[in-house]
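Q: Once you've had a glance at the structure underneath, I'll fire off some questions.
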Amino acid sequence: MSSAQTSARAALTLVHGIEVCVETAQRGGVGIIVYNRKEGRALGEVTKFLVYNARKRQLGGDRADTYFRRTECVAGVQDMRFQELMPDVFHWLGIRRIDRWVSMSNLKHDALKAQGIEVVEQVAIPDRLVPLDAAVEIEAKKAAGYFAPLGIPGRLELSSPKGRALDD
């Protein structure tokens, strides 16, 4: 996935969050967008591209079952993001309860819960907003604990190549 594709996916996700905020406001509620830019699991652009390249070159192609292993081989860690401080902005705004949380991240959800902020409903990013190039990433993250309302992907689904080949 190129930087432009990653940015496009992030923009689609952000637009979805804005749509949910507007729908909430139209029903008399309040919608808030809190956007924390942490590109490429906070590994940095160069490392992110090395990881993407390694995933496409590995034996068997780009697959969800090797997504985090490949990241660890290149970067030494699966993810550098530190979500424990993410709830601070909610505390600053006086938010103690979120009726509809539009994020699939278990790390963000757990950080909110640990800080005493109630999340009533977690909303997944609609499949229509997940580009084909991001299917490997989303499936790997669901298997690792991301919110998956339709269930965790099975072993066969995770081991099937989904990403583009290196020469695509």
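Sequential numbering of the sequence shown, starting at 1106, is according to this note's numbering.
We put the beta carbon where it would ideally sit given N, CA and C, even for glycine.
By DSSP's criteria, Ile-1203 is part of a beta bridge. Which residues make up the other side?
A: The partner list for Ile-1203 (beta bridge, DSSP) reads Val-1224.
Q: Tell me the start and end of each unbroken alpha helix (DSSP H) in the region 1148-1189 that is at least 4 residues and wholly inside, in chain order.
A: Fully enclosed alpha helix (DSSP H) runs of 4 or longer: 1150-1162, 1172-1180.
Q: So, helix, strand or coil for Ile-1123, using DSSP?
A: Ile-1123: helix per DSSP, three-state reduction.
Q: Can you give the Cα-Cα distance for Arg-1175 and Arg-1260, rounded to whole angstroms?
A: About 17 angstroms.
Q: In the DSSP assignment, find the unbroken alpha helix (DSSP H) run with Ala-1248 in it and report its ends.
A: Residues 1240-1248.
Q: Can you tell me where the alpha helix (DSSP H) with Val-1194 in it begins and where it stops?
A: Counting along the chain, the alpha helix (DSSP H) containing Val-1194 begins and ends at 1193-1198.
Q: Answer yes or no: do Gly-1134 and Val-1207 have a C-beta to C-beta separation smaller than 8 angstroms?
A: Taking 8 angstroms as the Cβ cut-off, Gly-1134 and Val-1207 do not qualify as a contacting pair.
Q: With a 10 Å radius around its C-beta and 16 neighbouring C-beta atoms as the bar for buried, classify Asp-1193 as buried or exposed.
A: Exposed, by the Cβ-count rule.
Q: For the alpha helix (DSSP H) that contains Leu-1263, what are its first and last residues?
A: Residues 1260-1264.
Q: Kindly indicate the opening and closing residues of the alpha helix (DSSP H) around Ile-1211.
A: The sequence given here places Asn at residue 1211; Ile does not occur at that position. Its alpha helix (DSSP H) spans residues 1211-1219.
Q: Can you list, in chain order, the residues of its chain whose CB lies under 8 angstroms from that of Gly-1204, leaving out five sequence neighbours each side?
A: It is worth fixing the name first, because residue 1204 is Asp in this sequence and not Gly. Answer for Asp-1204: Thr-1129, Gly-1134, Val-1225, Glu-1226, listed in chain order.
Q: Evaluate Ile-1230 with the Cβ neighbour count: other Cβ atoms within 10 Å of its Cβ, from every protein chain shown; 16 or more gives buried, anything less gives exposed.
A: Buried, by the Cβ-count rule.
Q: Looking at Ala-1248: is its Cβ nearer than 8 angstroms to the Cβ of Pro-1236?
A: No, the Cβ-Cβ distance between Ala-1248 and Pro-1236 is not below 8 angstroms.
Q: Can you tell me which of Val-1139, Phe-1252, Cys-1126, Thr-1152 puts its alpha carbon nearest to the alpha carbon of Leu-1277?
A: Because the chain spans 1106 through 1273 in this model, residue 1277 falls outside it and cannot be assessed.
Q: Compare the beta carbon distance of Ala-1169 and Ala-1245 with 8 angstroms and say whether it is the shorter of the two.
A: Yes, Cβ-Cβ distance for Ala-1169 and Ala-1245 is below 8 angstroms.
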